[in-house]
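Chains as they are written, first to last, in the numbering used here: chain R, 1 to 437; chain X, 1 to 160; chain C, 1 to 709.
Yeah, the Cβ is synthetic: ideal placement off N, Cα and C, and Gly gets one too.
Step one of this worksheet: look at the structure below.
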């Protein structure tokens, strides 16, 4: 099912089947070149497959943006240990709702991507880790997997290629940290979702301490097209060093929020105005988050000339991230936004390391007190200070994810913090944003 | 302890989906699906699962207490989860939450007297582009206005 | 040996073997990198982030506790960035940590205090409320205060990895994470207290030590635990001549940091209300308090009368008196009382082992061997319950070196968890104990064991070396057979004959047996054994630190003199009872189960009690025999032992400085009749320890002591 209208400005590679009747069925999949990439890959060597992925300039779509082909090449294919493919379907980054629609509308594309990855590293078992709240998607995935087995696209000697592969779904149970790849692997083993000491990385010691390819849902979904139509074609859709398209979730104060597949390098202004239909109620843009709450926010001014890709965002000292675009209009209280974001990280902190669990908790308490009108001036500097004391010192990037947006908000919107001092009521307290439909 | 045949079949499948010696991987799926059937995770269930997997009850408690969706106390038959994280907040998800609390007369993790409905303020559930969003058990509801919420709650109150 | 890796730390060149962690390499250069969660011997955590250091060419600061050294690495620990990181991390830690120092037991010994002093900020910027939960009690011995906990996870690892028990875990998430016990709201574990000692702050505190004193008010004395035969060094904290606590503060013993519940807590027998502090003499059929001079007079009179009348003397010695006391006692018996009826309750057949090892060298294992050798075979005993230090060593050997452990016994033993082969023999007693605190009950004969050994022959042969531990399932000729089996493997094998008590080994070494003189020299005479002495019509019987009448035998001896700490069943029958000092109240030496000698260092005095050696000396003087026996000073007697007892030619400085020296008993046949019928282990578990255990309140209070009966 589609939850929003598509946009004519989309480049529909991963979402090509969206909107087709019964898009999620095996029949529809096979009728639309489904599993052709796998059959082609089954005749390629592992090196050829990885090279093709490298040529595509596909980078991890979960948020970290690591070059996928390179990641796959780190797996020691000839290791005597069994290899595994693990799909990161934990999608919990605030602002992000794209893996959900990919699984719902085209689950076989994910299966095919997993199979191709498996061919490249001689893996014969895979797990699709899906967050617990996405139960209906686990059900959809289970049906797709069952249908694939029944038709010989999973199991022994797939379509006579001699290649065996078993695929399972595995449910999470409510923990953002399990989106971190090593924490996910711990959760997969039935443990608390606490990350592992790295190195070693999953490519060498991953699922069950064996070499593993672990990638985001969207990353795997891009692979069938890459193999079927060639990596160069995929690369050409994007920009140098960042090929293809990005599932982009427009959220917040736009007229047409929704999930859209846009070419990498898509101009931000055009995205907001033409894809998103502009800011609601004729308001002005105040702050822009490019890819999930872990990214530093940008002001409207900083968006001049910006494009949705890794380099453009890095230049502006933020990240492309997960694709969860959060758009905040002029009536948004940035202090409240900072508070809610920090509340999230404090709640999700796994608790393993001191700077993250104590830092997020402390910051949440300050922001709480501050937004309630009991802040003091020194709090404003303190917030930035404490966030910087978390940066780079934590056991996993969650500490950075909490620190970076906070630092950007307190630095770029300092005035809003000043406006909350001396017991003054929040200037935006009565702004109404609610959906009236 | 006895479970439904469906749940037993699921347990069986879980315990064999992982490499040999790695049946502990079945722990979290078993806990969650058992919770769906029994309503909550009791001490008896913890002992049963610990036995089946071959780990201590301490280990089971360590794991289950880490995950937000697993709970050792019964919630309502219909567990209403309201997201107030950033994308939903921008669409007044927090006001929706306040509205829900007031309407039902309970708070976070509270349960109505008749045990029919419980409330939880949750983190991002992956419906950010269709905010504000709520979940009732595992079902999503998008673009929820206070009016829609009222209707939904009224329906839930009357359901069997 | 692989080439050393060269790196630079704070400008200093450091060399370390490949694989060394930077935090350890820094230590060798005298550079301290602070850490809470890193603890040598346990798995890495990288949780506290205190050890972050700058490393050239690496974009982020790295945790020194997980970074192995690399050639040419340049590490900086003294930069402003590192100082700021340490300060910041400590500041974070202190946000929820309560300001309990004035009332916290750990104050003065607290690693957090020390770190904040060295690396922390002088002021707090925290204005918010702290997370507070009330303190909880997890057992009579373990209290847990969650607000103080810094979540370093040392306790969990010490319990799970070190002890192999796994009674502690962490629940919840984020800043509300908490350390939780294994059974609902309390612990069912070994009550060893390792978690308390390893806790860097006052989160885990001792139930028996709470609020009694500040650590700087105590004098700490490292001496040898007086309970089982493992020979752990325990540190007794004393104040005003009272023992306030026991812990592992002195790490210099063969046990390193390991201690069990007895070593840490069961010193409390020493001031039990029933402790004898005044001599007793039987007057008109009743035992009455008398003065020392009166008591000694009665004893001397009685002994001289028996001598003059040519009457028979019996002497029953102890499993926990010192080597000096044992040596002096058998000398007293043989040279002054002119009797060879001298024995003690034997708990393991060391004699048979020494005889069987004739002609071989280096075949007696030390505690250290249990950690170093590549394979270990445990026969009969549940080591974790009966010899916890030995078990700890074996487990650590498995964890660190992947040693192969084999266990053969009549019931489940803790070693099953990590043994490469576990064989059950004989018939186990139903039902098997779910708490696993009770000794494996079951009936198995030596023949059963040899059958199992044959089963394992090929696997054992494939090992490069082996240490064999055996309990009283093997005695007499079976010990010879066992050594023959070991020989037939064609690999180097070392042995340990398990004995129960703190100086059981020393009792045999010092000749407290009718057939042997000190040093395994045959006495050439016959003599009565313990049971025979109890049943015989002896004119005089002298019992030192033993309770042979425990089972209720009737007294036959004409004149009974008892030296002990408590009015035991034996003492209650005596004509004279002389209050003895415990091992914590005297100097001397004891020899542990592996034959390692260590000195006792007096920690406190108990008024009215005297060390057994002194008592014997006073009796000798009263009898006019003092000159014949020489001075009853421990140092002097030990000198004589070193000069005359085979195997005890050990370097004095080692003993004098608190070290352990391995004795090497006779390397040749011991031509005496083997007496397997006299060997009987008490198989004390963790919560029992002969007479001493009966008077320890801690051992009785813990729930597991009930579970283990």
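- Each residue's CA atom was taken as its position, placing residue 229 of chain R and residue 222 of chain R some 11 Å apart.
- Residue pairing by DSSP places residue 328 of chain R opposite R:287 in a beta bridge.
- Along the stretch 99-130 of chain X, going in chain order, the ones with a CB nearer than 7 Å to a CB of chain R are 123, 124, 125, 126, 127, 128, 129 and 130.
- Against chain X, the CB of residue 158 of chain C has no partner CB under 9 Å away; the residue lies outside that interface.
- Chain-ordered, the chain R residues with CB closer than 7 Å to the CB of residue 29 of chain X read 170 and 171.
- Residue environment: residue 335 of chain R is assigned as buried (16 or more neighbouring CB atoms within 10 Å of its CB, all protein chains considered).
- Counting along the chain, the unbroken beta strand (DSSP E) around residue 83 of chain X starts and ends at 78-83.
- With contacts defined by Cβ atoms closer than 9 Å, residue 366 of chain C and residue 595 of chain C form a contacting pair.
- Assignment of residue 498 of chain C by DSSP, reduced to helix, strand and coil, places it in the coil class.
- Straight-line measurement puts the Cα of residue 343 of chain R at about 58 Å from the Cα of residue 468 of chain C.
- Under the three-state reduction of DSSP output, residue 328 of chain C falls in the helix class.
- Closer than 9 Å to the CB of residue 61 of chain X there is at least one CB belonging to chain C.
- Straight-line measurement puts the Cα of residue 3 of chain X at about 39 Å from the Cα of residue 116 of chain R.
- At least 9 Å separates the CB of residue 398 of chain C from every CB of chain X.
- Restricting attention to R:299, R:374, R:166 and R:106, the CA atom closest to the CA of residue 424 of chain R is found in R:374.
- Taking C-alpha positions only, residue 392 of chain C is separated from residue 414 of chain C by approximately 11 Å.
- Checking the DSSP bridge columns, you'll see residue 13 of chain C partnered with C:8.
- Sequence-distant Cβ neighbours of residue 313 of chain R in its own chain, meaning closer than 7 Å and more than five residues away, are 290, 319 and 320.
- For residue 420 of chain C, not one C-beta of chain X is nearer than 9 Å to its own C-beta.
- Residues of chain C with a Cβ closer than 8 Å to the Cβ of residue 66 of chain X are, in chain order, 171, 172 and 173.
- Of all residues in the stretch 40-74 of chain C, only 44, 46, 47, 48, 49, 52, 60, 61 and 66 come within less than 7 Å of chain R when Cβ atoms are compared, listed by chain position.
- Interface flag for residue 140 of chain X against chain R is set, since a Cβ pair is found closer than 9 Å.
- In this structure, the beta-carbon distance from residue 287 of chain R to residue 413 of chain R falls below 9 Å.
- In this structure, the beta-carbon distance from residue 192 of chain C to residue 155 of chain C does not fall below 9 Å.
- Secondary structure at residue 279 of chain C: coil, using DSSP grouped into helix, strand and coil.
- Rounded to the nearest whole angstrom, the C-alpha separation of residue 128 of chain C and residue 165 of chain C is 39 Å.
- Distance from the Cα of residue 601 of chain C is smallest, within the candidate group C:13, C:634, C:608 and C:576, for C:634.
- Within the model, the alpha-carbon separation for residue 125 of chain X versus residue 83 of chain X is close to 7 Å.
- Here residue 360 of chain R is buried: its Cβ has 16 or more other Cβ atoms, across all protein chains shown, within 10 Å.
- Ranked by how close their Cα comes to the Cα of residue 126 of chain C, the residues R:358, R:390, R:416 and R:407 have R:358 in first place.
- Nearest to residue 8 of chain R by C-alpha distance, out of R:130, R:170 and R:276, is R:276.
- Restricting attention to beta strand (DSSP E) runs no shorter than 3 residues, the stretch 33-107 of chain R encloses them at 83-89, ordered along the chain.
- The beta carbon of residue 146 of chain C does not come within 9 Å of any beta carbon belonging to chain X, so the residue lies off that interface.
- Closest in alpha carbon position to residue 34 of chain C, among C:97, C:287 and C:111, is C:111.
- Here residue 45 of chain R is exposed, its C-beta having fewer than 16 other C-beta atoms within 10 Å.
- In the DSSP assignment, residue 390 of chain R falls outside any beta strand (DSSP E) and lies within the alpha helix (DSSP H) extending over 377-390.
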